[in-house]
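Please read the structure below before turning to the comments.
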Amino acid sequence: MVDAHKLDLLEKVFTPAAPLEDQALFAGRIEQLAELMLLTRQKGMHGILYGERGVGKTSLVNIFKIITEASFDKNSVIVAKLSCYSEDNFEEVWQKVFQEIKVPNRLFAGEERGDRPAARLDGTTRLSAVIKDDFVYTSKNIVRTLSNLKTEKLVIIFDEFDRLEERFDKKLFADVIKNVSDSHGHIKFIIVGVSEDVTNLIGEHTSIRRNLKEVHIPLMRNVELKEIISKGMDKLQLDIDPEAEASIVTLSGGYPYYTHMLAYYACYTAISNKKPRIEMGDVHWAAQKAIADSKEVIRQAFQLATLANQRNNYKEVLYACALCNTDEHNYFQASDLERIMTVIMERPFKVPQYARHLSNLSTLERGSILVCIGENRKKRYKFRDPLMRTYIRLLAFQAGIKI
Ligand SMILES: Nc1ncnc2c1ncn2[C@@H]1O[C@H](COP(=O)(O)OP(=O)(O)OP(=O)(O)O)[C@@H](O)[C@H]1O
Ligand SMILES: [Mg+2]
2 MVDAHKLDLL EKVFTPAAPL EDQALFAGRI EQLAELMLLT RQKGMHGILY GERGVGKTSL
62 VNIFKIITEA SFDKNSVIVA KLSCYSEDNF EEVWQKVFQE IKVPNRLFAG EERGDRPAAR
122 LDGTTRLSAV IKDDFVYTSK NIVRTLSNLK TEKLVIIFDE FDRLEERFDK KLFADVIKNV
182 SDSHGHIKFI IVGVSEDVTN LIGEHTSIRR NLKEVHIPLM RNVELKEIIS KGMDKLQLDI
242 DPEAEASIVT LSGGYPYYTH MLAYYACYTA ISNKKPRIEM GDVHWAAQKA IADSKEVIRQ
302 AFQLATLANQ RNNYKEVLYA CALCNTDEHN YFQASDLERI MTVIMERPFK VPQYARHLSN
362 LSTLERGSIL VCIGENRKKR YKFRDPLMRT YIRLLAFQAG IKI
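To convert a position in the sequence shown, counted from 1, into this note's numbering, add 1.
Here it is as structure tokens:
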């Protein structure tokens, strides 16, 4: 009989569609966590945490919240985390913040103490339950209310901040940051978003620039991805063939999202077939499922980029682009492809033999699948959509290309 208990557990262990909330399954990210912890101790400083889609930003702040709450005395720190939505305005964002701030009852200043027992929750009360009904969310009122909380540290994490649009007044938000930084150093904001550009995230407020520390969340290193797999395997009490593990790591291309997806499918098929050990065959099955799960736009874009009336090498060049090493911002140069092109084509293959392909792949005609920056010999390329890189890695894997 198939182990239904293990399949149930699998849903909790490898969760490609959901950020992590269980510290026991959290892998790597030691430096980024340390940087955030340091930030919470630096007076008047706030964090801007940015990184590409799916690199693990939400998971990181989830675990940071758990660790911070555990490392301070229970009554001396409050950490609130909320997600922003495109339709939220300034007031709605702060309403959510006040909802998420759970204040230990004993910390309320006497005159502000609410008289509403229903709002009490495990010895804490949501801030939203104790403010006056006619409370107006102005920058001044917000700062005053937050600073009145008698806590040593108040950390507020704004996830998905880059989703906010025109309805949200960035200038008012910057006023809050400025005010808090000047007079209430124990209050910390951590702003999480995809954009590399801080100006995009918080607007043009040069005066608060020096209060903001940028923390880049890079793609995960292979050792970190390997740790995700081994922690999951331990929990599931499954074994994995080293070659199968290495394939999942390489295919993931730095994205924990793909590690979770491939490990999930590989374990699913192994458990369904009552096997205690994941093998290469399971990873191939998982890769096939991951390709099938890929978005239609990705598949169409790949087709457009490799369109051919006659034999050409666009597909092979894209395989090499997806498999080569990149810098920390995912860029590569034409020469980075030589070794892999030589393996794929099974004969020496040099830059002049595919330079034209690279240029064309950055044109509209081939769907601008690559972005090109720089001039002449300094040209660098990357995939316009980072998900494309992994999609092509999966195709190359299924085509039997080994590098
Ligand atoms: N350090 C980690 N250890 C284990 N799994 C992780 C880690 N970081 C992220 N993951 C997993 O990777 C996937 C993506 O993570 P997460 O949702 O946190 O990324 P994100 O950057 O917030 O994505 P988005 O940009 O879409 O909001 C999830 O399945 C999550 O469980
Ligand atoms: Mg997220």
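Cβ atoms here follow ideal geometry from the backbone N, Cα and C, with glycine treated the same way.
Look at D160 here: in three-state DSSP terms it is strand. Non-local C-beta neighbours of K7 in its own chain, meaning closer than 7 Å and more than five positions away in sequence, comprise L237 and I272, ordered along the chain. For T125, no alpha helix (DSSP H) run applies; the uninterrupted beta strand (DSSP E) run containing it begins and ends at T125 to R127, by DSSP. C325 is positioned such that its CB atom lies no closer than 8 Å to that of L371. D240 is bridged by DSSP to R278.
Relative to ligand 2, the nearest heavy atom lies less than 7 Å away from the CB of D160. The C-beta distance from I64 to F27 rounds to 5 Å, short enough to meet the 8 Å contact threshold. Contact annotation, A287 with Y256: C-beta distance approximately 15 Å; criterion of less than 8 Å not satisfied. In the three-state DSSP reduction, A81 falls in the strand class (E or B).
Per the coordinates, the alpha-carbon of R394 lies some 11 Å from the alpha-carbon of S248.
Annotated three-state conformation of G48 is strand, per DSSP. Scanning Y392, L40 and L388 for the CA closest to the CA of N212 turns up L40. Per DSSP, the beta-bridge partners of P105 are T125.
Counting only residues of its own chain and dropping the five nearest sequence neighbours on each side, I188 has a CB closer than 6 Å to the CB of L147, L155 and V181.
Under the DSSP assignment, E297 falls in the alpha helix (DSSP H) whose first and last residues are E297 to T307. Assignment of F15 by DSSP, reduced to helix, strand and coil, places it in the coil class. Taking 7 Å as the cut-off, the C-beta of G55 counts as close to a heavy atom of ligand 1. When L388, E88 and S77 are compared, the shortest CA-CA separation from D163 is found for E88. Relative to ligand 2, the beta carbon of K179 is positioned no closer than 7 Å to any heavy atom. Membership of E32 in the alpha helix (DSSP H) is indicated by the continuous run I31 to R42.
Boundaries of the alpha helix (DSSP H) harbouring Y320: Y315 to L324, taken from the DSSP string.
Per DSSP, the continuous alpha helix (DSSP H) segment holding F174 begins and ends at K171 to S184. Its chain contains I299 as the residues whose beta carbon lies nearer than 7 Å to that of L388, once the 5 sequence neighbours on both sides are disregarded; these appear in chain order. A Cβ-Cβ distance of about 6 Å is found for the pair D242 and I279, placing them in contact under the 8 Å criterion. Nearest Cα to V352 within the set L239, L365, R367 and F333: F333. In the structure shown, I132 falls within a coil segment according to DSSP collapsed to helix, strand and coil. Per DSSP, the continuous beta strand (DSSP E) segment holding Y382 begins and ends at R381 to F384. Going by C-alpha positions, N313 is about 25 Å away from T327. Distance from the CA atom of M234 to the CA atom of L10, rounded to whole angstroms, is 11 Å. Assigned with DSSP and collapsed to three states, L396 falls in helix. The shortest CA-to-CA distance from A302 to any of E317, D386, F190 and N377 is the one to D386. Around the Cβ of T59, a 10 Å sphere holds 16 or more other Cβ atoms; the residue is buried. Two segments are said to touch when three or more pairs of C-beta atoms, one from each, lie closer than 8 Å; by this definition the segment 93–104 does not touch the segment 43–58. Within 10 angstroms of the beta-carbon of D160 lie 16 or more other beta-carbons, which makes it buried. Using a 10 angstroms sphere on the CB of L37, the tally of other CB atoms reaches 16 or more, which defines it as buried. Between F15 and the set I230, T69 and P105, the nearest pair of CA atoms involves I230.
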